[in-house]
Amino acid sequence: VISTWCRGRELLRRQLATARAPLQTFVRSRQARKAVRLPGTAVFLTRATNETPPILAHHLAHHHVLHEQVVLLSVVRANQPRVAARDRLSVKSIGAGFFQVRVCYGFLQRRHIPAALRLAERDGLVIDLDRVTYYLGHETPIPGRRIPGMAVWRERLYAFLARNAQRTATFYGIPAQQVVELGIEVEF
C-alpha cells in the first residue's frame with residue numbers, strides 16, 4: 208500500500224509537471240498583465256518553485272482575475288526535527304504583486320500556514336490574515352491504460368487512497384472558511 212501511494216504520487220506529479228509553464232513567463236504573460244486585480248491576498252500552495260502552479264493557471268483562465276498580492280507558497284520538510292522560527296520562512300518578490308514564499312518545517316513540527324505567514328512581515332510582505340484567500344488544488348486521479356507506470360489495479364488503489372486522504376486545509380491548519388478548492392481530473 209505504501210509503495211503504491213509513493214508511486215502514485217510520483218506519477219501524478221509527473222503528469223501535472225507536463226502542463227506547467229515557467230513562473231516568470233506566466234507573470235509576464237499578456238493574460239496575467241491584463242487580469243482584473245482584486246483587493247487582498249491570494250495564497251496558492253505549490254510544490255514547484257520555478258513553475259506556475261496548475262491551480263493558478265486554471266484560476267486565471269476561468270475567472271480572469273488575480274488578487275493585488277499573489278503568494279506562491281511552498282512547504283518544505285527539513286531533515287531535522289525542528290526548524291527555528293527565524294529560519295523557517297523566506298520571501299522573494301517576483302514583481303507585479305507576485306511573491307514566492309518558502310516555509311520550512313522540521314519533521315516533528317506541526318505545519319500551520321497562517322502562523323508561518325505572520326513571519327512574512329519581517330521580510331516586507333504584509334498580509335491581513337483575516338482577509339486572505341487560500342487556493343488549493345485538488346487532483347482527482349483517474350486510472351487509465353494510456354499512461355504506463357503502474358498496473359491498473361494499483362492505479363485504482365491509489366485513486367481510492369487519494370480520495371480518502373486528509374484534506375490539505377486541515378493538514379496545514381488553514382481556516383476552512385478562507386479556502387477555495389479547485390479540482391482537476393488527471394489521468395495517470
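Be aware that the sequence shown starts at 208, since it is given in this note's numbering, and climbs by one per residue. Cβ coordinates follow ideal geometry from the N, Cα and C atoms, glycine included.
| Query | Result |
| --- | --- |
| If I follow the unbroken alpha helix (DSSP H) through histidine 266, where does it start and stop? | 261 to 270 |
| Measure the beta-carbon distance from leucine 336 to proline 321 and round it to whole angstroms, keeping in mind my assumption that it falls under 8 Å. | 5 Å |
| Output yes or no for whether 8 Å exceeds the beta carbon distance between leucine 312 and arginine 295. | Residue identity check: residue 312 is tyrosine in the sequence provided, not leucine. For tyrosine 312 and arginine 295, yes; Cβs fall inside 8 Å. |
| Check the DSSP bridge columns for serine 236 and list the partner residues they point to. | Answer by DSSP bridge pairing: none, since serine 236 is not bridged. |
| On the premise that leucine 389 lies in contact with histidine 266, defined as a C-beta separation below 8 Å, what is that separation, rounded to the nearest angstrom? | 6 Å |
| For proline 288 and arginine 317, I'd like the C-alpha separation in whole angstroms. | 11 Å |
| For glycine 302 and valine 283, I'd like the C-alpha separation in whole angstroms. | 23 Å |
| With DSSP run on the structure shown, which of helix, strand or coil describes alanine 249? | strand |
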